[in-house]
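Protein chains in written order, with numbering that gives the first Met the number 0: chain A, 0 to 712; chain B, 0 to 79. What follows is a set of notes on a single structure, which appears directly below.
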Amino acid sequence: MADSAGPGRSPLEPIFSPQSVAVVGTTRVPGTVPFDIFHNILKDDFQGTIYPVSPSARSIAGVKAYKYILDIPDPVDLAVIVFPSSVVKLAMEQCGQKGVKGVIIISAGFREVGPAGLQREQEIKDIARKYGISFIGPNCLGVINTAPNVHLNASFARRMPTEGSIGFLSQSGALCTAVLDYAHAKNIGFSKFVSFGNKADISDIDLMLSLKDDPATKVILMYLEEMTHGAAFVDAARKVIHEAGKPVLVLKSGRTSQGASAAASHTGSLAASDEIVDAALRQAGVIRCQTIEEMFNNAIALAYQPLPRGRRVAIITNAGGPGVLTTDAAIHEHLELAAFSDRTHDIFKRSLPVTANIRNPVDVIGDARADRYRVAMGSALEDENVDGALVILTPQSMTDIDTIAAEVCNVAAAYEKPTYCSFMGETDVASGIAILQRRNIPHYILPESMCRAFARAHDFRTEKDRQLTPAAQFADVDTAAARGLLDAAIAAGRTYLTPSDAMRVLEAYRLPVLGSAVARSAEQAARVAAEIGFPVAMKVESDDVVHKFDVGAVMLGVDTPTAVAAAYATILANVNTHQPDARVHGVFVQRMAGAGDEVILGVKRDPAFGAVVMFGLGGLFVEIFRDVAFRIAPIPLEHIRGMMHEVKAFPILTGARGRPHRDTDAVEECLQRLSQLVVDCPQIQELDINPLIVRSRGDGCAVTDARILVAAP
Amino acid sequence: MDRSEIQKRVTSVVASVLGIDPAEVLPASNFVFDLGADSLKSVELVAGFEEAFDIDMDADKAREVQTVEGAVDFIAQYVK
Chain A
0 MADSAGPGRS
10 PLEPIFSPQS
20 VAVVGTTRVP
30 GTVPFDIFHN
40 ILKDDFQGTI
50 YPVSPSARSI
60 AGVKAYKYIL
70 DIPDPVDLAV
80 IVFPSSVVKL
90 AMEQCGQKGV
100 KGVIIISAGF
110 REVGPAGLQR
120 EQEIKDIARK
130 YGISFIGPNC
140 LGVINTAPNV
150 HLNASFARRM
160 PTEGSIGFLS
170 QSGALCTAVL
180 DYAHAKNIGF
190 SKFVSFGNKA
200 DISDIDLMLS
210 LKDDPATKVI
220 LMYLEEMTHG
230 AAFVDAARKV
240 IHEAGKPVLV
250 LKSGRTSQGA
260 SAAASHTGSL
270 AASDEIVDAA
280 LRQAGVIRCQ
290 TIEEMFNNAI
300 ALAYQPLPRG
310 RRVAIITNAG
320 GPGVLTTDAA
330 IHEHLELAAF
340 SDRTHDIFKR
350 SLPVTANIRN
360 PVDVIGDARA
370 DRYRVAMGSA
380 LEDENVDGAL
390 VILTPQSMTD
400 IDTIAAEVCN
410 VAAAYEKPTY
420 CSFMGETDVA
430 SGIAILQRRN
440 IPHYILPESM
450 CRAFARAHDF
460 RTEKDRQLTP
470 AAQFADVDTA
480 AARGLLDAAI
490 AAGRTYLTPS
500 DAMRVLEAYR
510 LPVLGSAVAR
520 SAEQAARVAA
530 EIGFPVAMKV
540 ESDDVVHKFD
550 VGAVMLGVDT
560 PTAVAAAYAT
570 ILANVNTHQP
580 DARVHGVFVQ
590 RMAGAGDEVI
600 LGVKRDPAFG
610 AVVMFGLGGL
620 FVEIFRDVAF
630 RIAPIPLEHI
640 RGMMHEVKAF
650 PILTGARGRP
660 HRDTDAVEEC
670 LQRLSQLVVD
680 CPQIQELDIN
690 PLIVRSRGDG
700 CAVTDARILV
710 AAP
Chain B
0 MDRSEIQKRV
10 TSVVASVLGI
20 DPAEVLPASN
30 FVFDLGADSL
40 KSVELVAGFE
50 EAFDIDMDAD
60 KAREVQTVEG
70 AVDFIAQYVK
């Protein structure tokens, strides 16, 4: 993105807020992209000046046309190029000569069509760089800014959305048109609406950061198909959330596990690309949504209502069944039913019928009119034990839906606590819903969606207010030693470190590696075992024998010097039988870890996000259930704790059903040290510590096996 | 046929198909960017050249030609 917009000017300003726009390559043929773009700018009341540029028309829609942009006598802030891709570079060159600083390239036929298109895209990037032009696209729908002093619809969408506080950024142009239609039906407005296409210059990250500083935008929604610069995206999202306090909601498509099959280690195969995206977005505080509907359900809650201070909700309903459904949904989303104060109960007793349920959920009874809703809502929102109101209505014959809707809006406006509604039904409640939507009360067809949105809004408030802490930096590590071992392995042409070298790398970062040594004779094995202490585990030292258990190359609990010598011979004999060609460097002798639960720690280096750290319980939990969690290194302690608690089987380590409480503090420290190791040593491509034995609380943990895959960084 | 004759006939076809003054048709003119040919007109141009020169051109390669000068060079390959 060019930074030549001038002192204090954003490179995006000519694109979002131009004084003058030229549509370059427009025609006189309605129903075509070149005409519709021009016509949309004209009919949607752009507040600046518009110039059609067309090689063959003297005027377009009654507006004098220019053959070339260079023929326009006045300055042009923004050019929208709609020419076929083959001549976009000619148009771009003239834009540069004209001094245009912002361009939107609508045309398709670039990177998305193959090498020839990629070449064309590079040519326009070169021209943009030469002239200091910032551009959106190519291959996009365009840009919309609803601000009244701009009112620019430089797109070929069918309609201009109403003004609102939601910014929408999309990699797909077609999805934009569907979203505009969806939002129109729900009376949802936008501040900025951008289809960024191939993002050859201005990226999704640039756009997100520009909306961070846009006073008209309160909530940022993004549809993404890939995250090539994942780590930069995460950094930018953190800034938006923590510096500007604006939520970022992402709908990311393209879930795939293709990469997993190619990965060599446990962690590699468990960390499918979408799970890494998931972990990265969670770590950044981004709200990831699975559907457009979910994204807008959350967006209207975040954009229209105050953020909930807590999880305590008051449910107000005129029907028992929906009240119960909403209660179930609230509990499912880890919300709490508020316990009303005595004062609130007294008001309910005095004001509601004797048949009303005055406990949460408050049932104002099927014949309720607006006055009962007013009392119930007002008293509940007044109550300091309540963080927000969830209002349900079902349409009985005596229910004055519109009046109730208006009263709900009035009461909601009087409190700094959120109110969300679910007027259940479709036809009868339609006018009431429209009243709610016009006055920015989030409405949900289903109570489940309402509760989910409340929970996400509360999550966001917690995230926004969270103090960001850096990842721990241990001073007692020996980075040079670790790098030396890794570099030596790479120099020797090895893909994996030997088990003993892998242990030495971990030891350099003070991970609790058990005493061990490689023995090259039965006598030496017995001597080593006596030095490090019995009982010992023994396994063949060989790069070639990957599945050591399967070939009888592992012996556990060997507890005397004689038994060690015998085990040495047995292991070598077994390897000789099953893999006679394996290169064997001896037998690895290691002290047994003692009683504990097994966990797995791992690392995978992702091209977009960098080093991804994995945690899970060992054995079946990893193999069968894929019960693992991921975070991007470096990982602050709070996220280490978060990833550990994300694992469903984690309570096994914390004393579930009378089991011993394991030393989870020691596991936290291991993950912190591992995070530091992989940040410091980019040579590590994949790493498994499997298992890490976690002993009882206070007794620490022990690394018993590790594999490290290396490559030159 | 010499090059100037090819140039003359190309100019005539372009002016006729695009409905513009022959004086606007310069050797460096880009059919799309300078003369306003859309995809339909591009097909008509190819047909017009084939008729004017009584030749059959490779349609895919013909569509890659961007300028009047390029068209003259391309047609010259077909004209004896």
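We put the CB at the ideal spot given by N, CA and C, even for glycine.
Chain A partners of residue i, CB-CB under 9 Å?
i            : result
residue 73/B : Residues of chain A passing the Cβ test: none, with the nearest at roughly 15 Å.
residue 34/B : 54 and 55
residue 37/B : 26, 28, 31, 33, 55 and 83
Tell me whether residue i is buried or exposed, calling it buried when 16 or more other Cβ atoms sit within 10 Å of its Cβ.
i             : result
residue 50/A  : buried
residue 711/A : exposed
residue 242/A : exposed
residue 296/A : buried
residue 332/A : buried
residue 173/A : exposed
residue 63/A  : exposed
residue 317/A : buried
residue 657/A : exposed
residue 709/A : buried
residue 744/A : What the structure shows of chain A is the stretch from 0 to 712, and residue 744/A is not part of that stretch, so it cannot be assessed.
residue 559/A : exposed
residue 58/A  : exposed
residue 546/A : exposed
residue 430/A : exposed
For a contact meaning CB atoms closer than 7 Å, what does residue i contact in chain A?
i            : result
residue 65/B : 85
Less than 9 Å separating the beta-carbons of residue i and residue j?
i             : j             : result
residue 512/A : residue 239/A : no
residue 191/A : residue 213/A : yes
residue 407/A : residue 435/A : yes
residue 691/A : residue 707/A : no
residue 39/A  : residue 148/A : no
residue 422/A : residue 379/A : no
residue 159/A : residue 145/A : yes
residue 557/A : residue 533/A : yes
residue 463/A : residue 244/A : yes
residue 195/A : residue 206/A : yes
residue 231/A : residue 204/A : yes
residue 5/B   : residue 75/B  : yes
residue 294/A : residue 220/A : yes
residue 495/A : residue 501/A : yes
residue 672/A : residue 585/A : no
residue 664/A : residue 696/A : yes
Of all the CB atoms in chain A, is at least one closer than 9 Å to the CB of residue i?
i            : result
residue 17/B : yes
residue 31/B : yes
Does the CB of residue i have a neighbour CB from chain B at under 9 Å?
i             : result
residue 66/A  : yes
residue 713/A : Nothing in the structure corresponds to residue 713/A, since chain A is present only between 0 and 712.
residue 90/A  : yes
residue 262/A : In this prediction, residue 262/A scores a pLDDT of 40, lower than 50, which makes its location untrustworthy; the coordinate-derived value is nonetheless stated afterwards. False, the Cβ-Cβ gap to chain B never drops below 9 Å.
residue 106/A : no
Throw me the rounded Cβ distance for the residue i and residue j pair, which I believe falls under 8 Å.
i             : j             : result
residue 661/A : residue 652/A : 4 Å
residue 307/A : residue 453/A : 6 Å
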